[in-house]
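Data block below; observations after.
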Ligand code: S3P
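Here's what the structure looks like:
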């Protein structure tokens, strides 16, 4: 009989948190490919639910409403993933999902939470071309990202089971480190 791969010991979600541009979607896709676990991107789910893009949701309903949608989705996932056969997935989150205490508690109980920490110059470079982030639609993106990181760093720290500094790390190494840690976490 073939030995079970270590990845099969990961019984619940791997959840990626961190600032805009830190690589959650890219790393999430790669984790999904390597584990066969489906990828759930909270921003995409909300866009599908509402039938509007994130910038349109912010413009039409405001940030507070978007935050309420994030919480509703996490509550749903917490219920949904209570059933063992539905536990496995990779969850990529929006950068502000840690703002509410309730969200932080749900995230920690839902799965293995990994904070992808990237320094501001790298975040600036990675978010330079995209115009799909309402919080970065202003003239001083460096100042915005710096103040977001300052405010959110303790929240990411408090939510994550694992912190990875990924500014200069290649994707295969990041993915390998996350999978190794997740296997240990669920052993
Ligand atoms: C946000 C990050 C975005 C998206 C929204 C708000 C934030 O997601 O949820 O624009 O508050 O940092 P990404 O981190 O995937 O860009």
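In our numbering, the protein residues as written are 578 to 764. Ideal Cβ placement from N, Cα and C applies to all residues, glycine included. If you're wondering where the values come from, they're calculated on a predicted model, not measured in any experiment.
Check: Bridge-paired residues (DSSP) for residue 669; Outcome: 593, 618
Check: Cβ-heavy atom distance, residue 684 to ligand 1, below 7 Å; Outcome: no
Check: Whether residue 691 touches residue 737 by CB criterion (8 Å); Outcome: yes
Check: Simplified DSSP assignment, three categories, for residue 691; Outcome: strand
Check: Of the residues 613, 635, 615, 614, the one placed nearest residue 623, counting alpha carbons only; Outcome: 635
Check: Cut-off 6 Å between Cβ atoms - residues of its own chain near residue 672, not counting five sequence neighbours on either side; Outcome: 596, 597
Check: Residue 667 Cβ short of 7 Å to ligand 1 heavy atom set; Outcome: no
Check: Three or more C-beta pairs below 8 Å linking the region 604–614 and the region 633–653; Outcome: no
Check: Chain-order list of residues whose beta-carbon lies under 6 Å from that of residue 615 (same chain, five-residue window excluded); Outcome: 666
Check: C-beta atoms of residue 556 and residue 686 nearer than 8 Å; Outcome: The structure shown has nothing for residue 556, since the chain only spans 578 to 764.
Check: DSSP state of residue 710 mapped onto helix, strand, coil; Outcome: coil
Check: Three-state secondary structure assigned by DSSP to residue 680; Outcome: helix
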